[in-house]
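Take a look at the structure below.
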Amino acid sequence: MSILSRRKFLNFSLISSLGSLAAVIFYPIIRFLMPPKTPQAAQTEVVAAKVGELQLDSGKIFKFGNEPGILILQEDGTYKAFTAICTHLGCIVQYRADLNIIWCGCHNGKYDLFGKVISGPPPLPLTEYNVTVINDNIVVSKKA
Amino acid sequence: MKLSDWFFDRYAVQSWIDFFRKKYVPVHKHSIWYYTGGFCLFLFMVQVVTGILLLLYYRPTAEAAFESVQFIMTKVRFGWLIRSIHSWSANLLIGALFIHMFAKFFLKSYRKPRELTWVSGMLLFLIFLGFGFSGYLLPWNELAYTATKVGTEMTNLVPFVGKYLLVFLRGGEQVSGATLTRFFGFHVAVLPIIVTVILAFHLLVIQIQGMSVPIKLEEHKSKLKQLPFFPDFMLHDMLGWLVAFGVLAALAALFPWELGTKADPFIPTPIGIHPEWYFVFTYQTLKLVPSRIFFIEGEVLVVFGLAVGIIFWLLVPFLDRKSNQGIPAKFFTIVGIIIVIYIIVTTIMGYVIPA
Numbered sequence: 536m537s538i539l540s541r542r543k544f545l546n547f548s549l550i551s552s553l554g555s556l557a558a559v560i561f562y563p564i565i566r567f568l569m570p571p572k573t574p575q576a577a578q579t580e581v582v583a584a585k586v587g588e589l590q591l592d593s594g595k596i597f598k599f600g601n602e603p604g605i606l607i608l609q610e611d612g613t614y615k616a617f618t619a620i621c622t623h624l625g626c627i628v629q630y631r632a633d634l635n636i637i638w639c640g641c642h643n644g645k646y647d648l649f650g651k652v653i654s655g656p657p658p659l660p661l662t663e664y665n666v667t668v669i670n671d672n673i674v675v676s677k678k679a
Numbered sequence: 034m035k036l037s038d039w040f041f042d043r044y045a046v047q048s049w050i051d052f053f054r055k056k057y058v059p060v061h062k063h064s065i066w067y068y069t070g071g072f073c074l075f076l077f078m079v080q081v082v083t084g085i086l087l088l089l090y091y092r093p094t095a096e097a098a099f100e101s102v103q104f105i106m107t108k109v110r111f112g113w114l115i116r117s118i119h120s121w122s123a124n125l126l127i128g129a130l131f132i133h134m135f136a137k138f139f140l141k142s143y144r145k146p147r148e149l150t151w152v153s154g155m156l157l158f159l160i161f162l163g164f165g166f167s168g169y170l171l172p173w174n175e176l177a178y179t180a181t182k183v184g185t186e187m188t189n190l191v192p193f194v195g196k197y198l199l200v201f202l203r204g205g206e207q208v209s210g211a212t213l214t215r216f217f218g219f220h221v222a223v224l225p226i227i228v229t230v231i232l233a234f235h236l237l238v239i240q241i242q243g244m245s246v247p248i249k250l251e252e253h254k255s256k257l258k259q260l261p262f263f264p265d266f267m268l269h270d271m272l273g274w275l276v277a278f279g280v281l282a283a284l285a286a287l288f289p290w291e292l293g294t295k296a297d298p299f300i301p302t303p304i305g306i307h308p309e310w311y312f313v314f315t316y317q318t319l320k321l322v323p324s325r326i327f328f329i330e331g332e333v334l335v336v337f338g339l340a341v342g343i344i345f346w347l348l349v350p351f352l353d354r355k356s357n358q359g360i361p362a363k364f365f366t367i368v369g370i371i372i373v374i375y376i377i378v379t380t381i382m383g384y385v386i387p388a
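Protein sequences appear in the order of chains A and B.
Just remember that this note's numbering sits 535 ahead of the position in the first sequence, which is counted from 1.
Just remember that this note's numbering sits 33 ahead of the position in the second sequence, which is counted from 1.
Quick look at the structure:
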């Protein structure tokens, strides 16, 4: 049966003390470096524009909480709305009337007016929102 | 008693002076590449001086950053010049680092016993890219905002820790004023401290080991003509610095660095956007790679490839066994040529091919 030698005991005590000291120093530093989460009220709908604000065959970026959305007035007079964040690397997309598509200027990602990827690097389609016209307001809401 | 005698009487620096007096630099047909390192050092010093000057007026918040740079450029006397020199020398420095790194690579200067000189140099190169990336955001303009958004989003693709890295870099989920404050902290405090330590090591080992000579000349090393480091080589170096300073001043005066328009998180990415020229090859690669290759997302593959490439490049001195034995390693020369061609071609494509 081996008995813990005095040397081993001292080494163990020293290393564990130094380890604890390092943990006590670095744990608050690492936690400090990660920013606290700021609570946000979950917004489910927003007034994206007023009726008559958009010309036919054009688009507009609107604020949906902290994120951008895109509202498009199609040639037939109907509205479409999507998240404006490209699914590739997060750039803000725009409506290209000349190509009749939603386009991302960062890496040439192209989406059709259903949010589906036509070409380019985006891996996923754009999330579509509901659009309803209430009185003078164009209200965009998240799909259930 | 002379002041110098008083000083030397107290501090044993005579041995250092003797060391520099006895230091020689070999002269041969590739000697010109010895000056690239000093050139980088000079541009770094310009960065430090102009950076400190800009600090006196710059304000690192989303509300005030753009306006403070505007103030520097329009109201502060010679502010436009100082900021222009800072931006131009930053770009020239990255260019000089590329040249210095590839010159040392093709001359196989990384071989034994200079492995750590290469590794420390590579770390410096990566840190200077970090300087470029963090400094680019500081004027808080549209281009910088989008570049930072894409650049930081790429960290999200790193397996397991990507999300944490993204939040750490951005100071939150989105690129915001918190990101600007963080990048400012990295740019003026964290990165300079790290650079100081690694640069001191890099320069120290170069002084201890002296200059490397190409493999083919290694055998005749003792027969090569020698140039005293002090003052001859140093004077040559400084002459180059003087020319560089002239070029820098001319560039800054004739082509002042633009400020662009203030960043707005709610406007679409502008047409024709691209990052700083030294990141264009990565940007173009991201554009070229399809969204999916088999079951892996394209951008994940790009980030993975980039990481493997950087690790390979960092470990070259330990992988190239032939050069360590004094035998020319054609494989590594070919790999280097392919990398250079790839960087040049994709960079040109990034500028020439319309979106």
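Cβ atoms here follow ideal geometry from the backbone N, Cα and C, with glycine treated the same way.
Quick caveat: nothing in here was measured; it's all calculated off a predicted structure.
How many angstroms separate the CA atom of residue i from the CA atom of residue j?
i          : j          : result
Ser-548(A) : Leu-539(A) : 12 Å
Gln-609(A) : Ile-637(A) : 12 Å
Ser-122(B) : Gln-80(B)  : 7 Å
Ile-306(B) : Ile-367(B) : 33 Å
Leu-176(B) : Ala-619(A) : 18 Å
His-133(B) : Val-152(B) : 14 Å
Cys-641(A) : Pro-301(B) : 10 Å
Ser-676(A) : Val-385(B) : 41 Å
Ile-226(B) : His-220(B) : 10 Å
Arg-325(B) : Pro-660(A) : 14 Å
Val-230(B) : Lys-678(A) : 54 Å
Gly-218(B) : Arg-542(A) : 45 Å
His-63(B)  : Phe-266(B) : 14 Å
Phe-561(A) : Val-191(B) : 23 Å
Leu-250(B) : Ile-50(B)  : 29 Å
Gly-184(B) : Cys-639(A) : 16 Å
Gly-293(B) : Trp-173(B) : 9 Å
Ala-277(B) : Ser-551(A) : 54 Å
Gly-338(B) : Phe-364(B) : 20 Å
Thr-579(A) : Gly-655(A) : 30 Å
What is the C-beta distance between residue i and residue j, in whole angstroms, given that I count them as a contact (C-beta under 8 Å)?
i          : j          : result
Val-208(B) : Thr-181(B) : 5 Å
Lys-429(B) : Ala-362(B) : Because chain B here runs from 34 to 388, residue 429(B) falls outside it and cannot be looked at.
Ala-681(A) : Gly-600(A) : As shown, chain A starts at 536 and ends at 679. That puts residue 681(A) outside it, with no answer to give.
Val-666(A) : Tyr-614(A) : 4 Å
Leu-157(B) : Val-228(B) : 7 Å
Ala-296(B) : Tyr-178(B) : 4 Å
Gly-331(B) : Val-322(B) : 4 Å
Phe-161(B) : Leu-126(B) : 7 Å
Arg-54(B)  : Phe-263(B) : 6 Å
Lys-145(B) : Asn-357(B) : 5 Å
Val-60(B)  : Leu-268(B) : At roughly 14 Å, the Cβ-Cβ gap does not stay under 8 Å, so Val-60(B) and Leu-268(B) are not in contact.
Pro-657(A) : Val-200(B) : With a Cβ gap of about 23 Å, Pro-657(A) and Val-200(B) do not count as contacting.
Phe-597(A) : Val-586(A) : With 8 Å as the limit, Phe-597(A) and Val-586(A) do not qualify as a contact, their Cβ atoms being about 14 Å apart.
Grab the span of the alpha helix (DSSP H) containing residue i for me, first residue to last.
i          : result
Val-191(B) : It is not in any alpha helix (DSSP H) - Val-191(B) carries neither H nor E in the DSSP assignment.
Gly-218(B) : 210-218
Ala-393(B) : What the structure shows of chain B is the stretch from 34 to 388, and residue 393(B) is not part of that stretch, so it cannot be assessed.
Arg-354(B) : 354-357
Phe-41(B)  : 36-43
Leu-125(B) : 112-139
Gln-47(B)  : 47-54
What does residue i pair with, by DSSP beta-bridge criteria?
i          : result
Ala-616(A) : Leu-606(A) and Tyr-664(A)
Gln-629(A) : Trp-638(A)
Arg-325(B) : Glu-330(B)
Lys-677(A) : Tyr-664(A)
Asn-453(B) : Residue 453(B) lies beyond the residue range present for chain B, which begins at 34 and ends at 388; the question has no answer from this structure.
Locate the beta strand (DSSP E) running through residue i, then write down its first and last residues.
i          : result
Phe-597(A) : 593-599
Leu-348(B) : No beta strand (DSSP E) holds Leu-348(B); DSSP gives it neither H nor E.
Pro-261(B) : 258-261
Gly-644(A) : 644-646
Ser-654(A) : 652-654
From the DSSP output, in three-state form, read off residue i for me.
i          : result
Val-228(B) : helix
Ala-584(A) : strand
Ile-386(B) : coil
Pro-59(B)  : strand
Ile-669(A) : strand
Gln-103(B) : helix
Met-569(A) : coil
Met-78(B)  : helix
Val-336(B) : helix
Arg-144(B) : coil
Ile-241(B) : helix
Gly-342(B) : helix
Gly-84(B)  : helix
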